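Some notes on the structure that comes next.
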Amino acid sequence: MSAGADIRSLTIRQVKEGLAAGRFSAVELAREALRFAEAENPKTNAYLHFCPERALAAARRVDEKLARGEDLGPLAGVPVAVKDVILTQGVRTTAGSKLLANYIAPYDATAVIRLEQAGGVILGKTNCDEFAMGSSTENSAFGPVRNPVALDRVPGGSSGGSGASVAQGTAVVALGSDTGGSIRQPASFCGVVGVTPTYGRVSRYGLIAFASSLDHIGPLARNVHDAALLLGVIAGRDASDATSAFAPVPDYTALLDGNVRGARIGLPKEYFRGLASETGDLILAGVERLKQLGCEVREISLPHTEYAIGAYYIICTAEASSNLARYDGVRYTYRSPASATLSDMYRNTRGEGFGAECKRRIMLGTYVLSAGYYDAYYLKAQRVRNLIARDFSEAFKQVDVILTPVSPFPAFKLGEKLDDPLEMYLSDIYTITGSLAGIPCMSVPCGNTAAGLPVGLQILTNHFNEAGMFRLADALERSAGRS
Numbered sequence: 247m248s249a250g251a252d253i254r255s256l257t258i259r260q261v262k263e264g265l266a267a268g269r270f271s272a273v274e275l276a277r278e279a280l281r282f283a284e285a286e287n288p289k290t291n292a293y294l295h296f297c298p299e300r301a302l303a304a305a306r307r308v309d310e311k312l313a314r315g316e317d318l319g320p321l322a323g324v325p326v327a328v329k330d331v332i333l334t335q336g337v338r339t340t341a342g343s344k345l346l347a348n349y350i351a352p353y354d355a356t357a358v359i360r361l362e363q364a365g366g367v368i369l370g371k372t373n374c375d376e377f378a379m380g381s382s383t384e385n386s387a388f389g390p391v392r393n394p395v396a397l398d399r400v401p402g403g404s405s406g407g408s409g410a411s412v413a414q415g416t417a418v419v420a421l422g423s424d425t426g427g428s429i430r431q432p433a434s435f436c437g438v439v440g441v442t443p444t445y446g447r448v449s450r451y452g453l454i455a456f457a458s459s460l461d462h463i464g465p466l467a468r469n470v471h472d473a474a475l476l477l478g479v480i481a482g483r484d485a486s487d488a489t490s491a492f493a494p495v496p497d498y499t500a501l502l503d504g505n506v507r508g509a510r511i512g513l514p515k516e517y518f519r520g521l522a523s524e525t526g527d528l529i530l531a532g533v534e535r536l537k538q539l540g541c542e543v544r545e546i547s548l549p550h551t552e553y554a555i556g557a558y559y560i561i562c563t564a565e566a567s568s569n570l571a572r573y574d575g576v577r578y579t580y581r582s583p584a585s586a587t588l589s590d591m592y593r594n595t596r597g598e599g600f601g602a603e604c605k606r607r608i609m610l611g612t613y614v615l616s617a618g619y620y621d622a623y624y625l626k627a628q629r630v631r632n633l634i635a636r637d638f639s640e641a642f643k644q645v646d647v648i649l650t651p652v653s654p655f656p657a658f659k660l661g662e663k664l665d666d667p668l669e670m671y672l673s674d675i676y677t678i679t680g681s682l683a684g685i686p687c688m689s690v691p692c693g694n695t696a697a698g699l700p701v702g703l704q705i706l707t708n709h710f711n712e713a714g715m716f717r718l719a720d721a722l723e724r725s726a727g728r729s
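For the sequence shown, our numbering assigns the number 247 to the initial residue and increments by one for each residue that follows.
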């Protein structure tokens, strides 16, 4: 197997071609990928831990199938990184938290099972904001992740480790999780493709819960084809997750022909007001390229957008308060040694174990669910959520897809927003609406700023229309010569 430069740029298609041509075996590729990832990781801290035994065992299964002439599966031999909020049996899953620093998962998440059944080779678990709460991957108990594009900047969050691993070339594709933009924002900041599928399209079984009505698992990849292929592998009904959908999963990659003539694109005016030119100019240049491909572009309105931040941070913190109540030191978490009574143990364990952002969100969530405030905050936020979902439903009667920025700005410097939580929350202003509506959305690179920082364009479509979303993203990628 040749040196790390090949690992950096490999795609799923190239892995499959290399195996078929005998240029390398799956085990050789896995060993080289592990070597390269371990050597590069100190630069970014993208991985929290590696699982070489599991990776090599999966690679051997691929080689054995190849020797027998059997179908290898769509991800045969492909090195994959998995965010450390997704359970992997026998491998530590920390959720970026001191509380789970030594937790060994007793079972695999459904997405992990499907990934390995398709021939994927899991190299390791990636760093993330604690319990997926953050927009910069600076809230991890195990140190921040650095953006491989510019090491003094954040990779986005909370799936910053997954985004960084793909951008750095230490994984071909990765799994992340997204609650309010945690796949799309790292994809934008790191210059890769990130997909948040329709809520229910991918099973959440084995995903450590942050906000259950908003959480998704989705792919990050170097190109649209690989993201579409990976989503096709992990998507579909799962009896272990009652919220997973029965909707059939099409072959997304079969529809990527570059033809988007006649597609109706909506630009919501609320998303472009006051947008800085370094981001806005690149977004509009991408829109112009799609016009030249025959798309029809019109301005639309999503009038309840201004209420999204408030509604989101009420709903997600309320659900976080409920979900994180289980981490009490009794069962599978860190337990404070400085406790004389049971109530002391609860208080000290949570006080010592949770980081500042988790504590902030737990307290906010407990407050909005408390007696006398439930109707004033949580119930009202759910009504706003319905209005936002209705905005999108009405918009999709006029257009096929909606295009917006992913973030108001490119990757910011490490530490720049840590002392101002509200400013950090506002970095999600363009991504949370799609999450509240439960619709599919993705980030696709649309260029770099003068400083060389990537900017992503967000594509949103109607429920279960991931195929239309991928089709437009693929055409945009082709028009930029990136496919």
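In this text, a Cβ means the ideal position worked out from N, Cα and C, and glycines have one as well. Everything numeric in this text was worked out from a predicted model, so none of it was measured.
Separation of residue j from residue i, as counted between CA atoms
i      : j      : result
Ala554 : Gly402 : 20 Å
Leu528 : Asp503 : 24 Å
Ala635 : Val690 : 23 Å
Leu333 : Arg360 : 13 Å
Glu316 : Gly264 : 16 Å
Ala249 : Ala584 : With a pLDDT of only 40 at Ala249, under the threshold of 50, the placement of this residue in the model should not be trusted, and no figure is reported.
Ala491 : Asp472 : 23 Å
Arg430 : Ala586 : 45 Å
Leu477 : Leu588 : 45 Å
Gly556 : Ala627 : 8 Å
Thr563 : Gly597 : 18 Å
Leu256 : Leu615 : 48 Å
Arg468 : Thr425 : 22 Å
Asn385 : Glu552 : 27 Å
Tyr620 : Ala713 : 39 Å
Arg535 : Asn694 : 16 Å
Ala313 : Ala272 : 11 Å
Tyr624 : Gly366 : 41 Å
Thr444 : Ala721 : 21 Å
Ala617 : Ile350 : 37 Å
Ala657 : Ser404 : 13 Å
Ala251 : Gly370 : Caution applies to Ala251, whose pLDDT of 39 falls short of 50 and renders its modelled position unreliable; the value that the coordinates give is listed next. Using only the alpha carbons, I get a separation of about 20 Å.
Ile685 : Val448 : 13 Å
C-beta atoms of residue i and residue j nearer than 8 Å
i      : j      : result
Thr416 : Val400 : no
Thr612 : Ser582 : no
Gly342 : Asp330 : yes
Ser411 : Thr372 : yes
Val328 : Val308 : no
Phe456 : Phe518 : no
Ala301 : Leu280 : yes
Gly406 : Pro432 : yes
Lys344 : Ala285 : no
Val470 : Glu723 : yes
Asn291 : Gly389 : yes
Val439 : Ala413 : no
Gly512 : Ala641 : yes
Minimum C-alpha distance to residue i - residue among the options
i      : options                        : result
Asp665 : Ala272, Gly323, Arg269, Gly380 : Gly380
Ala322 : Val418, Gly661, Gly422, Asn569 : Val418
Ala602 : Glu640, Tyr578, Leu588, Pro667 : Pro667
Met609 : Tyr578, Ser639, Tyr559, Ala586 : Tyr559
Arg254 : Pro325, Glu274, Ala267         : Pro325
Leu706 : Cys562, Glu723, Ser434, Val652 : Val652
Arg510 : Ala304, Gln538, Arg338, Glu542 : Glu542
His295 : Ser408, Arg593, Ala303         : Ser408
Arg450 : Leu312, Lys605, Gly482, Val438 : Gly482
Gly532 : Phe282, Asp424, Ala726         : Ala726
Ser434 : Gly452, Ala488, Asn393         : Asn393
Gly427 : Gly698, Ile675, Pro700, Asp720 : Ile675
Leu521 : Val395, Thr650, Ala657         : Thr650
Val506 : Gln538, Leu513, Ala488         : Gln538
Glu278 : Pro288, Ala305, Arg447         : Ala305
Met604 : Cys374, Ile368, Cys297, Arg338 : Note that residue 604 corresponds to Cys in the displayed sequence, not to Met. Of the listed residues, the one whose Cα sits closest to Cys604 is Cys374.
Gly526 : Cys692, Gly268, Lys262, Gly698 : Cys692
Test: residue i CB closer than 8 Å to a CB of chain B
i      : result
Glu286 : Judged by its chain identifiers, the structure shown contains no chain B, having just a single protein chain.
DSSP bridge partner residues for residue i (one or two, in chain order)
i      : result
Ala771 : Here the chain comprises residues numbered 247 to 729, so residue 771 is not present and cannot be evaluated.
Ala481 : Val448
Arg577 : DSSP, once it has assigned bridges, lists no residue as partnering Arg577.
Gly440 : Leu466, Ser689
Tyr613 : Answer is none; Tyr613 lacks a bridge partner.
Val326 : Ile368, Val419
Arg399 : Lys659
Phe435 : According to DSSP, Phe435 bridges with nothing at all.
Tyr620 : Tyr620 pairs with nothing; no bridge assigned.
Which residue spans inside the stretch 659–719 form an unbroken beta strand (DSSP E) run of at least 3?
For the stretch 659–719, the full-length beta strand (DSSP E) segments reaching 3 residues or more read 687–694, 700–707 along the chain.
Could I get the ranges of all uninterrupted beta strand (DSSP E) runs contained in the stretch 338–395, with 3 residues as the minimum, in chain order?
Runs found: 367–372.
Counting only runs that start and end within the stretch 488–558, where is the alpha helix (DSSP H) found for 4 or more residues in a row?
With a minimum length of 4 residues, the continuous alpha helix (DSSP H) runs that stay inside the stretch 488–558 are 523–538.
Can you check the stretch 624–654 for any beta strand (DSSP E) of at least 3 residues that lies completely inside it and give the ranges in chain order?
DSSP runs (the beta strand (DSSP E)) wholly in the stretch 624–654: 647–651.
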